[in-house]
Amino acid sequence: MLQVLMKVEQEQRVTKDAHRFAEQDAAAQRYAAQVLQMIQLRCAACGFVSNVDVRDKLTAFILKNPPGPKKGSKDKKEMQRAENEQLKEGEAADK
Numbered sequence: 203m204l205q206v207l208m209k210v211e212q213e214q215r216v217t218k219d220a221h222r223f224a225e226q227d228a229a230a231q232r233y234a235a236q237v238l239q240m241i242q243l244r245c246a247a248c249g250f251v252s253n254v255d256v257r258d259k260l261t262a263f264i265l266k267n268p269p270g271p272k273k274g275s276k277d278k279k280e281m282q283r284a285e286n287e288q289l290k291e292g293e294a295a296d297k
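So the sequence shown is residues 203 to 297, counted in my numbering.
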């Protein structure tokens with residue numbers, strides 16, 4: 203009987219710990235979401251950095267549709283090479 207009670211108490215402690223860790227994780231995720239939803243502007247002339255008001259419609263749109271990664275000239279060249287190779291392969295298959 204005593205062993206059963208000890209097991210129950212241990213399970214309750216484990217459950218409480220798991221619940222506490224879940225709450226901490228949720229709080230950390232909420233904080234991260236708030237931090238990530240900050241858009242900053244940097245002045246090209248003086249380098250001043252300012253935060254943008256989150257209530258603006260443009261800011262809301264940018265947060266919902268974040269910009270993709272910028273493509274460099276190397277990426278464009280690789281894409282052109284791949285397209286040329288596909289065209290050549292298509293022409294060769296047609297013959």
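We treat Cβ as the ideally placed atom computed from N, Cα and C, and that holds for glycine.
Inter-residue distance for GLN282 and PRO268 is about 26 Å (C-alpha atoms, whole angstroms).
As summarised for the segment 206 to 251, there are no continuous alpha helix (DSSP H) elements at least 4 residues long confined to that stretch. When the beta-carbon positions are compared, LEU243 and VAL256 stay at least 8 Å from each other. With respect to LEU265, GLN239 sits close: the two C-beta atoms are nearer than 8 Å.
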